[in-house]
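Chemist: I'd like to ask some things about the structure below.
There are 2 protein chains.
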Amino acid sequence: MTPAERDALVSLRKIGEVAKRSGIAVETLRFYESRGLIEPAGRTASGYRLYDDSVFERLAFVKKSQAVGFTLDQIAWIIAEAREGRRPCVEVRQMARQRLDELDEKLTELRRYRRDLKRTLDAWDREGVKEGMICGFIEGLDAAVVRPVLGRAGRWRTSERRKP
Amino acid sequence: MTPAERDALVSLRKIGEVAKRSGIAVETLRFYESRGLIEPAGRTASGYRLYDDSVFERLAFVKKSQAVGFTLDQIAWIIAEAREGRRPCVEVRQMARQRLDELDEKLTELRRYRRDLKRTLDAWDREGVKEGMICGFIEGLDAAVVRPVLGRAGRWRTSERRKP
DNA sequence: CTTGACTCTATAGCCTGCTATAGGCTTTAT
DNA sequence: ATAAAGCCTATAGCAGGCTATAGAGTCAAG
């Protein structure tokens, strides 16, 4: 019985198999480990990571947490708490609630944004190309359109870290 | 009459004043220049950038273009076209239309996403903390929730660059 | 004439979640 | 026995739009 066969009997998998089964790339799994999201059950004598099946549950947890919108840091924090026997329910709820609020904010922003763009396009269609630098581009937009541009840089959720 | 006074008479401003008037940071202005978005009307003997008032129009153009959702590269392209005497109306319209489509897509995605999160939170409130790793967190989410997670990493507009 | 505000270039960092590369061992299949 | 495939660590790069720092020159006021 080779070592590999022994491992297989107790369901220990190398990283490649975990990647295949989970659909998460090998490099990403190592990256997740570095971020404290997963960890191998052990290592072979030669240093290969060995995972038991609980890693799939863990990965599901990570994916679902991401689906809720948590950052990897938040997820790592939750996992660390859980590992120390705590159940950070209150905080997790709060985090989720905050995400919901952020989401609503973003939705409002995007809708307004979409409305403005639509208006501009319609104006172009109605009035055709006008004077101005580019096809009446500037004229087609009223000053109100010039807003913070969606939290700068087209991102959302990024903690605003700008000096006033 | 000092050189500075002469410049003032023909409305030539140094970068700091442009920054103050436009509300755009000095470094950002230089950054914009490096990206081909603006350029000084000239330089002083000692190398200071001098801008005439057209820079404000230009900056307004940039801001408005950003407000429509164009990337700096796109904006730079439009400006370059204009500088060569072309009026890339057709392309600009197409770009705007594409942005509108992307926006609609993103809105749909966000709405669905919000709905799922709301559902999860409501379930928590209704059923209280259940079994599971973290306060029934995993159980509270059904498999359908585990989706590409908003184009990965909470971004939008980023060109999808993942291998299948 | 000095001090401090301003400007210059060049380069690096931020943010997030990966993705890729280099260089070197180990295991598996032929 | 050998070569391909897989694994290891460490480090760098990407996307996008800035922001910051270092080190040095310039200019205006007191």
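Just so you know, the sequences run in chain order R and G. Offset between the first sequence (1-based) and this note's numbering: plus 317. Offset between the second sequence (1-based) and this note's numbering: plus 317. Glycine included, every Cβ here is placed at the ideal spot set by N, Cα and C.
1) Quick one: Cα of Lys381 (chain R) to Cα of Tyr430 (chain R), how far?
2) Determine the closest residue to Thr345 (chain G) out of G:Ala397, G:Leu438, G:Arg416, G:Leu376, with distance taken between C-alpha atoms.
3) So which residues of chain R does Leu438 (chain G) contact, with C-beta pairs closer than 8 Å?
4) Can you round the beta-carbon distance between Arg360 (chain R) and Ile332 (chain R) to whole angstroms, since I take them to be within the 8 Å contact cut?
5) Relative to the alpha-carbon of Asp433 (chain G), which residue among R:Ala413, R:Ile396, R:Ser363, R:Ser328 has its alpha-carbon at the smallest distance?
6) Cα separation between Phe387 (chain G) and Gln411 (chain G)?
7) Any C-beta of chain G within less than 8 Å: which residues of the region 417-436 of chain R qualify?
8) I'd like to check one pair, Leu420 (chain G) with Leu427 (chain R): are the Cβ atoms closer than 8 Å?
9) Just to confirm my understanding: we take Ile341 (chain G), look at its own chain, exclude 5 residues before and 5 after, and list those with CB closer than 7 Å. What are they?
10) Could you please give the first and the last residue of the uninterrupted beta strand (DSSP E) stretch that includes Leu354 (chain G)?
11) Run the CB neighbour count on Lys337 (chain R), radius 10 Å, all protein chains shown included, and call it buried at 16 or more, exposed below.
12) Which same chain residues, not among the five before or five after Ala358 (chain G), have their C-beta less than 7 Å away from its C-beta?
13) In this structure, what does DSSP give as the bridge partners for Leu317 (chain G)?
14) Whose Cβ in chain R lies nearer than 7 Å to the Cβ of Trp441 (chain G)?
15) Helix, strand or coil, according to DSSP, for Asp459 (chain G) in the structure here?
16) Please name the residue, chosen from R:Gly364, R:Glu374, R:Ala362, that lies closest to Val335 (chain R) on a Cα-to-Cα basis.
17) Provide the residue span of the alpha helix (DSSP H) that contains Ile392 (chain R), from first to last.
Modeler: In terms of the structure at hand:
1) 29 Å
2) For Thr345 (chain G), the nearest C-alpha among the options comes from G:Leu376.
3) Result: Arg410, Ala413, Arg414, Leu417.
4) Arg360 (chain R) to Ile332 (chain R), Cβ: 11 Å. No contact.
5) R:Ala413
6) 11 Å
7) Leu417, Leu420, Asp421, Lys423, Leu424, Leu427, Arg428, Tyr430, Arg431, Asp433, Leu434, Lys435
8) Yes. Within cutoff.
9) Leu376
10) That residue, Leu354 (chain G), is in no beta strand (DSSP E); it is neither H nor E in DSSP.
11) exposed
12) Leu329, Leu367, Tyr368, Asp369
13) Residue 317 (chain G) is absent from the model: chain G starts at 318 and stops at 481.
14) Arg410
15) With a pLDDT of 48 at Asp459 (chain G), under the threshold of 50, the modelled position of that residue is not reliable, and the figure given next carries that caveat. Three-state DSSP puts Asp459 (chain G) in coil, outside helix and strand.
16) R:Glu374
17) 389-400
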